[in-house]
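Note that our numbering has the sequence shown beginning at 3, numbered continuously upward.
Every residue gets a Cβ at the ideal spot worked out from N, C-alpha and C, and that includes glycine.
In this text, all values refer to a predicted model and were calculated from it rather than measured experimentally.
Report on the structure given below.
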Amino acid sequence: MIKIAGPVEFQIGSPGHEAFRSHQGEVSVRTRIERSFSIAAAEVTVGQFKRFNDAASYAVEFAPSSDCPMNTVSWFQAASYCRWLSEAEDIAEDQMCYPSLEE
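Okay, here's the thing in structure tokens:
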């Protein structure tokens with residue numbers, strides 16, 4: 003994990019010309035996160051994500067082995083994965099970014 007000291011501004015979203023974009027009207031926008039946060043230094047692999055959810059589906063043609071980046075994950079699946087990781091690290095409830103997995 004890499005700690006990013008906040009606040010930070012950045013561009014989010016895919017440009018329209020990016021390959022494999024299926025959402026018409028998706029735009030790139032400037033956004034700001036007011037607080038410090040941590041982010042993984044590398045993409046989450048299929049193997050890592052499947053430890054969280056072995057039934058998770060993904061586009062095998064773009065990830066033929068378990069060490070390839072996970073794909074086709076919804077925002078809610080990603081948030082649940084982050085919560086699961088935080089719980090595994092015994093992060094205090096008042097420091098959690100996402101609600102419990104049951105919620």
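Short Cβ contact (7 Å threshold) for residue i with residue j
i: A65; j: V48; result: yes
i: P71; j: R34; result: no
i: F54; j: Y83; result: yes
i: S40; j: K5; result: yes
Cβ-Cβ separation, residue j to residue i (assumed contact under 8 Å), whole Å
i: R85; j: S102; result: 7 Å
i: S38; j: Q13; result: Not confirmed; about 19 Å, so no contact.
i: E36; j: G15; result: Between G15 and E36 the Cβ distance is about 19 Å, and since that is not below 8 Å, they are no contact.
i: M98; j: A42; result: With 8 Å as the limit, M98 and A42 do not qualify as a contact, their Cβ atoms being about 17 Å apart.
i: R32; j: E63; result: With 8 Å as the limit, R32 and E63 do not qualify as a contact, their Cβ atoms being about 33 Å apart.
Residue i - partner residues in DSSP beta bridges
i: Q13; result: R32
i: K2; result: Here the chain comprises residues numbered 3 to 105, so residue 2 is not present and cannot be evaluated.
i: P71; result: T47
Counted within 10 angstroms of its Cβ, other Cβ atoms place residue i as buried (16 or more) or exposed
i: F51; result: buried
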